[in-house]
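In this text, residue positions in the sequence shown follow numbering that gives the first Met the number 0: the first is 0, and each later residue adds one. C-beta atoms are modelled at their ideal positions from N, C-alpha and C, and glycine is treated no differently. Please read these numbers as outputs of a predicted model, since none were measured by experiment. Quick notes on the structure that follows.
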Amino acid sequence: MSEFNIPKTMKAMALIAYDQLQLVEVPVPQPGPGEVLCRIKAVAICGSDPKMIHGGYAFANWPPYFPFIMGHEWSGQIVALGDGVEDYAVGDRVAGEAHVGCGKCDNCKNGHYTVCLNYGRDGHDGKIDVGHRHYGFYWQGANAEYNVYKTTGIHRIPDNVSYNVAAMCDCAGVALHGVELAGVTPGGTSVIIGPGAIGLCAMMECKAMGSGRVIVVGRGAKLEKARELGADVCIDFEKEDVVERVLELTDGIGADEVMECSGASDSPTKACQMVRKRGAVAIIATYNNQKVDIPLNTVNFNEIHLVGSKANPNVSGKVLNFFSKGAIDGEKLVTHSFPLAEYEKAIDVFENKKDGSIKVVINP
Ligand SMILES: [Zn+2]
Ligand SMILES: [Zn+2]
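What follows is the structure in structure tokens.
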């Protein structure tokens, strides 16, 4: 039982059709076995959110139905436990991951639960529920006062990390998974293309993990933010030839690793051209254009380790520690916050990069 007064219904921001959002009153969900009910305290808007609102993920069947409650970068407080939950208590402050794998397929068993082989088999649409969840994309998300989560998808927040910063656990984790896949060369040169929230987290993570020099490629206010947060070299792609400049900075050899976080269709090619022979390129961004050129002869001749990076498996504890220790300066990334009722305004500020926005957070 709970010391919290849990109402029967709650406010939620629902996507009722592409480009149509509505504040609705819906039942508060009940936690099943192995699940907890959370009072949502903060939800960070992700680059994928406006894209989903506009129908940009129809190809992936996100959302799978209307009305749909989005929101996947969240933090909150546990207010009720489902049957069999012993490792968490009512009152715990927690942050969530978007992906919970089935736990049974080969990929899940090997720790790769963001590429679960039972994706979407969550019980809706007449499918068997094998336990897979993709909160905010394929399963009800956090743009609401409450939501239910499996305990396998939550993590305790260190006391000195605020809810607004902890809501970036997922985002900073997406960055760290890519950084881990590329591998940071101690004392080497890392390049981050695209200083949005993910790129800025990747930059701070590379520094924390021993990169000797982090170069950030971008423009405008976000590139300035990278400078402020400690980028060693900032390259404005509107003013300079990025590949030439990186080669010049590395005596013609190229960077040790490149994290592609921009989603621009010419960035993967540039990444392959600026990385050294046997260097690594992690593709962390997603692309509007499904067909993006990759210079495969360069990949082959230079033995480039080109790796796709999907979401944030097994990194949440690490990024929460990075926030706690200040290795990632989360407070500087959260530039705006809005109540749930002003979600559309928040999306506009985020999407149209108004008022120097980096990370925009909703407090339901
Ligand atoms: Zn996200
Ligand atoms: Zn699985």
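Taking residue i as the reference, give the member of the options with the closest Cα.
i    : options                   : result
G278 : V314, S210 and T184       : T184
A166 : P294, V257, A59 and G70   : G70
E204 : G182, K224 and W73        : G182
V190 : E2, G253 and I153         : G253
T150 : I192, R92, D128 and K206  : R92
V280 : K269, D354, E341 and A79  : K269
E257 : E227, E223 and R212       : According to the sequence displayed, residue 257 carries Val and not Glu. It is R212 whose Cα lies nearest to the Cα of V257.
M12  : I5, V23, V89 and P338     : V23
M9   : G33, I68, F58 and E34     : I68
V216 : R226, S210 and G209       : R226
G209 : D82, D255 and F58         : D255
R275 : V298, A263 and D18        : V298
P32  : A41, A16, V84 and I15     : V84
Y87  : V25, T113, G152 and W73   : G152
N288 : D48, F58 and I15          : F58
P294 : L305, L228 and Y286       : L305
V89  : F236, R155, V314 and L222 : R155
A196 : G329, E34 and F337        : G329
T285 : D18, S47 and K344         : S47
E247 : K224, M273, S264 and L222 : M273
D82  : V178, E34, G262 and N109  : E34
D18  : P66, P30 and V242         : P66
L364 : V160, K7 and I346         : For the chain, the structure presents residues 0 to 363; residue 364 sits outside this window and is missing.
D354 : K221, V241, G186 and D124 : K221
Cβ of residue i within 6 Å of any heavy atom in ligand 2?
i    : result
N117 : yes
G33  : no
G100 : yes
C104 : yes
C170 : no
C37  : no
C107 : yes
So, at 7 Å on beta carbons, what are the nonlocal neighbours of residue i in its own chain, with the 5 sequence-adjacent residues on each side left out?
i    : result
K50  : Y56
C107 : G100, C101 and C115
C200 : C170, A171, A174 and I327
A97  : H71, H133, Y134, G135, F136, D169 and A310
Y342 : M12, L20, N142 and I361
H111 : P312
K224 : P194, L199 and I357
R218 : D235, F236 and E237
L180 : A281, V306 and S308
Within the same chain, show all residues whose beta-carbon is closer than 6 Å to that of residue i, passing over the 5 residues directly before and after it, in chain order.
i    : result
T249 : T188
F349 : I44, S356 and V359
E302 : R277
V232 : I214
F3   : V78
G307 : I282
R94  : Residue identity check: residue 94 is Ala in the sequence provided, not Arg. Within the same chain, A94 has close Cβ partners S74, H154, I156, A165 and C168.
I want to check one thing, is the minimum distance from the CB of residue i to the heavy atoms of ligand 4 below 6 Å?
i    : result
E330 : No copy of ligand 4 occurs in the structure displayed; its ligands are ligand 1 and ligand 2 alone.
Short of 8 Å in beta carbon distance, which residues of its chain neighbour residue i, apart from the five on each side in sequence? Order them along the chain.
i    : result
G371 : Nothing can be reported for residue 371: it is not among the residues displayed for the chain, which extend from 0 to 363.
G122 : D128
P28  : L36, Q139, Y145, N146 and V147
G262 : G46, G193, A284, T285, Y286 and N287
I5   : V27, L36, V78, A79 and Y145
For my contact list, residue i and residue j are in at a C-beta cut-off of 8 Å; report their separation, rounded to the angstrom.
i    : j    : result
V291 : P267 : 6 Å
I39  : A143 : 6 Å
F321 : A207 : 6 Å
C260 : G193 : 4 Å
L332 : P363 : Not a contact, Cβ separation roughly 20 Å.
Y162 : A16  : Y162 to A16, Cβ: 31 Å. No contact.
Mind checking who residue i pairs with in its DSSP beta bridge?
i    : result
L339 : DSSP lists no partner for L339.
N94  : Here residue 94 is Ala; the residue named in the question, Asn, does not match the sequence. According to DSSP, which records beta bridges pairwise, A94 is partnered with S74 and H154.
Q19  : A16
M258 : I191 and A281
D128 : D121
R212 : T188
N146 : C37
F67  : L14
G217 : D235
G307 : I282
K358 : V333
A43  : E72 and V360
Measuring from the CB of residue i, is there a heavy atom of ligand 1 at a distance below 6 Å?
i    : result
E223 : no
E72  : yes
I45  : In the sequence as presented, Ile is not what sits at residue 45; that position holds Cys. C45: yes, Cβ under 6 Å from ligand 1.
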